[in-house]
Structures are given as C-alpha cells and as structure tokens.
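Report on the structure given below.
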Amino acid sequence: MNKQLDRKMYEETVLIETSRQFERFNELAQLAQVLQEVCQDGERIFNGYTNIIGDIWYAFYTSAPQLDQGKKERYPTQYGLLSKLLQTEEFARWHTLTASDDLLAVLTAVAVGERLKELLSYNTEVQEALLKKQRALRSEERAKARLGHMNNLAAAGSQEEKRTELQREFVQKQLSYAMQDKIQAERAIQEAFQNITGQQLQQILAETKQETKKTKQALFEIGTIDGKKSDQLPMSEQFQLVEHIQKHDTLKKIAEMTGKFKRIAKKRMKVKHEVTMERKDVTLGQEVARLLPTEVANFIMPDSKLDFLRRYAEQQTFVFDTKGKNRKGRGPIIICMDESSSMTSIMEESKAFCLALLMIARRQKRDFAIIPFASDIGEILIFPKGRSSSKDIITFSNHFLGGGTNYEKPLRASLEILGKSDFNEADILFVTDGSSFLSSRFIEDFNIAKKKRKFECTSIVLTNLINTVDMELVNSFSDKVIEVNELFEAEEVFTLH
Numbered sequence: 001m002n003k004q005l006d007r008k009m010y011e012e013t014v015l016i017e018t019s020r021q022f023e024r025f026n027e028l029a030q031l032a033q034v035l036q037e038v039c040q041d042g043e044r045i046f047n048g049y050t051n052i053i054g055d056i057w058y059a060f061y062t063s064a065p066q067l068d069q070g071k072k073e074r075y076p077t078q079y080g081l082l083s084k085l086l087q088t089e090e091f092a093r094w095h096t097l098t099a100s101d102d103l104l105a106v107l108t109a110v111a112v113g114e115r116l117k118e119l120l121s122y123n124t125e126v127q128e129a130l131l132k133k134q135r136a137l138r139s140e141e142r143a144k145a146r147l148g149h150m151n152n153l154a155a156a157g158s159q160e161e162k163r164t165e166l167q168r169e170f171v172q173k174q175l176s177y178a179m180q181d182k183i184q185a186e187r188a189i190q191e192a193f194q195n196i197t198g199q200q201l202q203q204i205l206a207e208t209k210q211e212t213k214k215t216k217q218a219l220f221e222i223g224t225i226d227g228k229k230s231d232q233l234p235m236s237e238q239f240q241l242v243e244h245i246q247k248h249d250t251l252k253k254i255a256e257m258t259g260k261f262k263r264i265a266k267k268r269m270k271v272k273h274e275v276t277m278e279r280k281d282v283t284l285g286q287e288v289a290r291l292l293p294t295e296v297a298n299f300i301m302p303d304s305k306l307d308f309l310r311r312y313a314e315q316q317t318f319v320f321d322t323k324g325k326n327r328k329g330r331g332p333i334i335i336c337m338d339e340s341s342s343m344t345s346i347m348e349e350s351k352a353f354c355l356a357l358l359m360i361a362r363r364q365k366r367d368f369a370i371i372p373f374a375s376d377i378g379e380i381l382i383f384p385k386g387r388s389s390s391k392d393i394i395t396f397s398n399h400f401l402g403g404g405t406n407y408e409k410p411l412r413a414s415l416e417i418l419g420k421s422d423f424n425e426a427d428i429l430f431v432t433d434g435s436s437f438l439s440s441r442f443i444e445d446f447n448i449a450k451k452k453r454k455f456e457c458t459s460i461v462l463t464n465l466i467n468t469v470d471m472e473l474v475n476s477f478s479d480k481v482i483e484v485n486e487l488f489e490a491e492e493v494f495t496l497h
C-alpha cells in the first residue's frame, strides 16, 4: 500500500460526520486486508476512491446517514454517488441489517467497491483514460527528473547555460502537456463515476447482498465451532476468516455443509435429550418410565384400565428395552477419515462432517482427534476438550491427501492416541469408501486391544456403484458398521457416543 493510504485511508466525507467516523474506518482498514486492497486498487482508478468506500461503509454502519449539502460542490463525484446510493430501495432494506454491525458494513462496502471497479473496467472510455493517465504520469515523472538534473547543472555553473535553458523550456512544455493529459484522463474517469445510475447501484446492492449474506453465514458456521458466537471472535480473526472464505470456494462449501451437519446433529441430539433412554427394542416389565405410549393410553382409557392394571401387576406390560444404551457416556472421540483419491468428490462433505463433530466435542468438552489417511496418514490433529482456533479450521480445511487406501496405519495411530491418558477412554469412528488389506494378526491384536482398553470402533462405509468396500474386512475390526450413500445419511453418529 502506498504511504498516503497507509497513513490515512479515509479523510474526507460528504456525509454529516461524527468524531469517530474516520478513526474507526482506518482501524478496520488496518485489520481487514480485503478493505485495504479494494481501497488501494480503487485509488489507481480514481483519486479519492478510499473516501468513497469510507462513505459507503459509514452509510451502512450509522443508524441514520445524512448528506452534508455543503460538500456537494467540493466533492461532486463522491456526493453524487452517495446521493444515488441512499435513494435506492435496496439500501433501505439492507441498511436495517448492517446498521451498527462493523463486519457486515465492511463486507458490504468491500463488495460494492469491487462491483464499482468491475463496472468501470467494462467502460472503454475509462480504460482509455486510465492508459492515458498512466502515460501522463510516466511522462511527468521523467520531465521532473530531467528538470532536477538541469537545475543541478545550473547550480554547478555549466558553460552551456543557453543550451540548457532551451532544453529546460522544452522539458517544461513536456511536463505541462503531461499534467494536462493527466487532468483530462481524471475528468473522463470522474464523468464515468458521475454517469453511474441509481438503477445500476440498485442492481449492485441486490447482487452483493446475497454474496455478503453467504459470507457472513459461512463465518458463522466456521467461527462458532470453537464454542464462541461469531461476533465474540476478535475482529482481526473475523476478517482473517472472511478473507479465506472469499478466496477459497472450498472453505465456503465446507462452511455451508458444516451448517447442514450442525442442524442434523442438533435435531438428533434434541431427540436424544427428550428420550433419555435408547428405545429400539420392546420387552415386558413394569417400569413406569419405560412404558410404551400405547400402554399409557390403556391406563387412561376406562375400557382398558382394568386389563392394564392386571398385566402391570403381573409384569406383563410392554416397555422399552434399554440393553443397547450408551456404554460410557461422553468420552473422547478419534476420527479416522479416509482422504484417498476416491474421496475427492466429497472432500468438502467429509471435512464438514469432521467439523460438525468437533463442534459437538467442544460443547460437551470432549477430547477430539482427527487422523486423515490415504496410502499414509496425514497430520494428526488433536483438540483438547474440542477447543480449536480459526487457524486450525483453515489448515484442516485446506489440506487433502489423495492417493490409495491403507486401513492399518490410521488404526495403529488410533491405538497410539488411546495410549495417552486424555484419550484412554476414547472411541474410534472410522470413515472410508475404499478397500484395503489387514493381516489376521493385526485384526486379532486390534480386537484384543479393544477388549483390554474397553473402547469401541464404529465404521461408516460410503457405498456406491464405483467403489467396492470389503464389508467382511471392515466388520472384522468394527463393533458397528453403518452403510450410507453420503455422510448426510449418517445421522445416528451424532448420538452414537
């Protein structure tokens, strides 16, 4: 960024200003690289672009933006653009959400600023003017350098004073022409700004609003994984996440899918909370808390009440069986996630699946580990009590192994993690869509370790027409196998452990 922008990005406004207006924007600009970049790029097109972006930000941020009539003549381009912007219907609708929201106001200003640049880039007159301005600036720079050199010669008492004077006149004319060309080019660009219509601004706002909503929603999905609300994250961390989301479509897709998994998990966990016992099978008994709804109805209805009481006394009423209920409760979780080449098509889905489980681990204060694997294992990520940082999420989301499939290495790594005190009561969740080889000795040793350390291994197998999974092999080391076509179908995993 040039020194002028680094020193003070926003210093002139056509809105009725407040004491903190400029200071706050410049603080945000220091935190947000995207805001710095849009201002810097815009200044190359039009002197004062930063002030325009600053006013757009403030218009969306302040509760009741008002134009300062006294600035109309002094800053006609900036005033005209803001006047048209404030009159659009989209501004009135969108402003109700952006007011007093630093992040949303900045995202909107950046998005509008980018669209304005795009709009001008399609204008051939603006492009010609920019080329003319660049040539004029180079000519101006060369002319000033030559004049400086001549002044040095004159100061040294050169013998060719007359000749030097003629050259000076020639160079001064060149400088004058360059400055005139620069002024003409800037006027042409200024006119292009002034010709932007309210309808164009309306369309820009309508389009950027949707993009901004998606970005903030993605920030919410990713930013809340560590248990905080997204607006509780430091502003610098929010902007860091935003920049990665905007620059990496993969992270945006992962965020969207994480949101879907979180909704599935929330629904499943709500059901589990309401039904405190696992009720898959029916048996006979007389525990009131486990009576089937039909038996409760038999007790209430006069015609069937006596029969119910007789059967209840004989322990012949139907109740839910609880033999399958959770073994240990909320222990640590180790996920072995297949990242072989065949998983590339659902890379975002698999990442989101892990992040949704990480969110649950954070809420329940459970230690959590992710072991990505293909032909070999990738970087193992450990999250004590489910705690993670934005950097952790970005790093995990941006890495994918590819390659073949090896079951033994991630399972061995799981056993090593289980040997640590924090994970000695962990369970393993093994996710794969491919086949591998395991020796009978390893399977035997692994199953002995399960009994000795009292942990379970649940496997999720993604089945499709392309990949063939050796189900017998997976069953040989798993306590439970869940077959699904996509991970969104593996709902029971969110309440399995």
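Taking the UniProt record's numbering, the leading residue of the sequence shown gets 1, the next gets one more, and so forth. A virtual CB, placed ideally from N, CA and C, is assigned to each residue, including glycine.
Close CB contacts of S304 within its chain, under the 6 angstroms cut and outside five residues either way in sequence, are with N298 (chain order). Ranked by Cα distance from W57, the first of A313, A352, L28 is L28. Linking K420 to L306 through their CA atoms gives a straight-line distance of about 58 angstroms. DSSP places F353 inside the alpha helix (DSSP H), whose first and last residues are 347-363. Secondary structure at F239: helix, using DSSP grouped into helix, strand and coil. Around S459, the same chain offers F430, V474, S478, V481 as residues with beta carbons nearer than 6 angstroms, after the five sequence neighbours per side are excluded.
Residue burial annotation: E349 is buried, with at least 16 other C-beta atoms found within 10 angstroms of its C-beta.
The residue from L358, L31, E314 with its alpha-carbon nearest to that of I334 is L358.
For the 7 angstroms CB-CB criterion, M337 and P372 form a contact.
Partner residues in the beta bridge of I382, as assigned by DSSP, are A369. An exposed status is given to R363, since fewer than 16 other beta-carbon atoms sit within 10 Å of its beta-carbon. When Cβ pairs closer than 8 angstroms are counted between the two stretches, the stretch 69-84 is seen to touch the stretch 188-201, the count reaching three or more.
Under the three-pair Cβ rule at 8 angstroms, the stretch 284-298 does not count as touching the stretch 375-393. Each of L31, A352, R115, F455 was checked against the Cα of G331, and the nearest Cα belongs to F455.
Distance from the CA of T98 to the CA of F60, rounded to the nearest whole angstrom, comes to 6 angstroms.
Within the same chain, V282, T283, L284, G285, Q286, E287, R290, L291, L292, E295 come within 8 angstroms of V319 by CB-CB distance, once the 5 residues on both sides are set aside. Beta bridge pairing from DSSP links F320 with V282. Taken through DSSP and simplified to helix, strand or coil, F477 comes out as helix. In the DSSP assignment, the residues bridged to L462 are V484.
In terms of CA proximity to M9, I53 leads the group K266, I53, I245.
Inter-segment contact for the stretch 43-53 and the stretch 244-258 is absent: fewer than three beta-carbon pairs are separated by less than 8 angstroms.
Bridge pairing for C336: I371, F430 [DSSP]. K216 and R311 have their C-alpha atoms some 59 angstroms from each other. Closest in C-alpha terms to K450, from the list V38, S476, M471, comes S476. The Cβ atoms of Q190 and T13 do not sit closer than 7 angstroms to each other. Its chain contains no residue whose beta carbon lies nearer than 6 angstroms to that of E379 once the 5 sequence neighbours on both sides are disregarded. Our two residues, E486 and T208, have alpha carbons roughly 32 angstroms apart in a direct line.
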